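Visitor: From first to last, the protein sequence lines stand for chains A and B.
For the first sequence, the residue numbers in my numbering are 925 to 1073.
For the second sequence, the residue numbers in my numbering are 925 to 1073.
Below is the structure I would like to discuss, written out as structure tokens.
There are 2 protein chains.
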Amino acid sequence: MSASRRSSEAGQVEGNLIDMLAQSAFVTMGALTRLAAENDLSLTQLRVLAILRDRRLRMSDLIDYLGLEKSTITGLVARAEKRGLLCRAPNAADGRAIDVFLSEEGRAHAERLAADLARFVSQLTDVLTVAERDQLGILLGKMITPLHP
Amino acid sequence: MSASRRSSEAGQVEGNLIDMLAQSAFVTMGALTRLAAENDLSLTQLRVLAILRDRRLRMSDLIDYLGLEKSTITGLVARAEKRGLLCRAPNAADGRAIDVFLSEEGRAHAERLAADLARFVSQLTDVLTVAERDQLGILLGKMITPLHP
DNA sequence: TTGCTTTGGTTGGTACTACCAACTATAACT
DNA sequence: AGTTATAGTTGGTAGTACCAACCAAAGCAA
């Protein structure tokens, strides 16, 4: 596992896949966390903005996307709403449900974050050739797509 | 960015590298978080155990590894110590410093976690051929190694 | 050597995350 | 209609992570 920055000591470039996946996850999450912090957001809030960028969801959908307790979502959305990042509105079809979607300000935030993230990732993948980048995208895609049918 | 599980809708398997990296990071982090939760740990505590698995560090080193505020580390280590996962001892060479290292129980925990993680990752990479797995490890390694010289 | 600065860690306080259990209200089922 | 299931909220707890303020040992300087 070895979540540290230097768990696989130099030399063995191929490393072990477990370490590589865990480490790249931590690196990416670290970057995302920093990115969020720079924009005065938490990682979870950043996720919410990202998810809502091209969707209008009910609370319960958001729960599915994030895999968190509903009370957690309530608080999350409430704080984000208070900050003007997103809006709540009753769902037209279901009297129990509440829809959530980005406000103007939230959308602007989300766009900026997406751009920043893109910049970070390209910096991270700079060391790879274009072919390698494609290859990496394909492999990760193949690994992940089974998870969301 | 699109941190969601299904941000890149079906079809374009190659996806876009940014999405793929972010998503695989979230998937991996999700698994790590679940793994940690099953063992009654937080993600950060799991990281600490992973880092200390083959090291004895001073607090300040731990700060570097985790990239968190020192007061955060103090609390983290204090709670883990109270739970018997790790030990604190004054550093022999520097009167100000405190060494941190795994207890027996902490070590056992860490081993178990490493095994569980390995199991999870292999399940995740099951869809890949052996050659693809190697390739993925190489690419991730190449991408990450520059970050820890 | 005495005094100033830097480094290593802790303490106290705040905001947020995330969980659980208990609750209200609408919807769906029989 | 009456029961059951679903959608969200509220209240309470533990943990994460930050900041500012602090103490003590170490390093450096005059």
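Where is the CB? At the ideal position from N, CA and C, for every residue including glycine.
Note that the coordinates shown come from a computational prediction; the quantities given were computed from them, not determined experimentally.
Within 10 angstroms of its Cβ, does residue 1018(A) collect 16 or more other Cβ (buried), or is it exposed?
Guide: With fewer than 16 other Cβ atoms within 10 Å, it is exposed.
Visitor: Can you check DSSP and say which residues form a bridge with residue 975(B)?
Guide: Residue 975(B) is not bridged to any residue.
Visitor: Report the start-end ranges of each alpha helix (DSSP H) in the segment 982-1019 of chain B that is 4 residues or longer and not cut off at the edges.
Guide: With a minimum length of 4 residues, the continuous alpha helix (DSSP H) runs that stay inside the segment 982-1019 of chain B are 983-990, 994-1006.
Visitor: Exposed or buried, residue 996(B), counting other C-beta atoms within 10 Å across all chains shown (16 or more means buried)?
Guide: Exposed: under 16 other Cβ atoms inside 10 Å.
Visitor: Say whether chain A places a C-beta atom closer than 7 Å to the C-beta of residue 1035(B).
Guide: Output row for residue 1035(B): interface = no.
Visitor: Does residue 952(B) get closer than 7 Å to chain A when you measure Cβ to Cβ?
Guide: Yes, contact with chain A.
Visitor: So that I know if they touch, is there some Cβ in chain B lying closer than 7 Å to that of residue 1057(A)?
Guide: With 7 Å as the cut-off, residue 1057(A) counts as an interface residue toward chain B.
Visitor: Once you ignore the five residues that flank residue 1003(A) on each side, which residues in its own chain have a CB closer than 6 Å to its CB?
Guide: For residue 1003(A), where only same-chain residues beyond five positions count, there are no Cβ hits under 6 Å.
Visitor: With DSSP collapsed to three states, give me the class of residue 1052(B).
Guide: Three-state result, residue 1052(B): coil.
Visitor: Buried or exposed: where does residue 1036(A) fall if 16 or more other Cβ atoms within 10 Å of its Cβ makes it buried?
Guide: That one is exposed.
Visitor: So is residue 1064(A) in contact with chain B if we call contact Cβ pairs under 7 Å?
Guide: Yes, because at least one Cβ of chain B sits closer than 7 Å to the Cβ of residue 1064(A).
Visitor: By DSSP, does residue 1058(B) sit in helix, in strand, or in coil?
Guide: If DSSP states are grouped into helix, strand and coil, residue 1058(B) belongs with the helices.
Visitor: By the three-class DSSP mapping on this structure, what secondary structure does residue 1023(B) have?
Guide: Reduced to three states, the DSSP call for residue 1023(B) is strand.
Visitor: Here's a check: name, in chain order, each residue in its chain whose Cβ is nearer than 7 Å to the Cβ of residue 1067(B), leaving out the five neighbours to either side.
Guide: For residue 1067(B), where only same-chain residues beyond five positions count, there are no Cβ hits under 7 Å.
Visitor: Residue 1010(B) touches chain A at which residues, Cβ-Cβ below 7 Å?
Guide: Simply none; closest approach about 15 Å.
Visitor: What is the residue span of the alpha helix (DSSP H) that residue 945(B) lies within?
Guide: Residues 941-962.
Visitor: Measuring only the C-alpha atoms, how far is residue 960(B) from residue 1030(B)?
Guide: Looking at the two C-alpha atoms, the distance is approximately 13 Å.
Visitor: Quick one, which of 978(B), 950(B), 1040(B), 963(B) has its alpha-carbon nearest residue 1024(B)'s?
Guide: Nearest C-alpha to residue 1024(B): 978(B).
Visitor: With a cut-off of 8 Å, do at least 3 Cβ pairs link the segment 1038-1047 of chain B to the segment 1050-1063 of chain A?
Guide: At 8 Å Cβ cutoff, the stretches do not touch.
Visitor: If you draw a straight line from the C-alpha of residue 950(A) to the C-alpha of residue 1021(A), how long is it?
Guide: Cα-Cα distance, rounded: 35 Å.
Visitor: In angstroms, rounded to a whole number, what distance separates the CA positions of residue 1039(A) and residue 992(A)?
Guide: If you take the alpha carbons of residue 1039(A) and residue 992(A), they lie about 27 Å apart.
Visitor: When you compare the CB positions of residue 1010(B) and residue 1027(B), do they come within less than 7 Å of one another, or not?
Guide: For residue 1010(B) and residue 1027(B), yes; Cβs fall inside 7 Å.
Visitor: Please work out which residues of its chain come closer than 6 Å, Cβ to Cβ, to residue 987(B), disregarding the five sequence neighbours upstream and downstream, and give them in chain order.
Guide: Hits under 6 Å: 994, 997.
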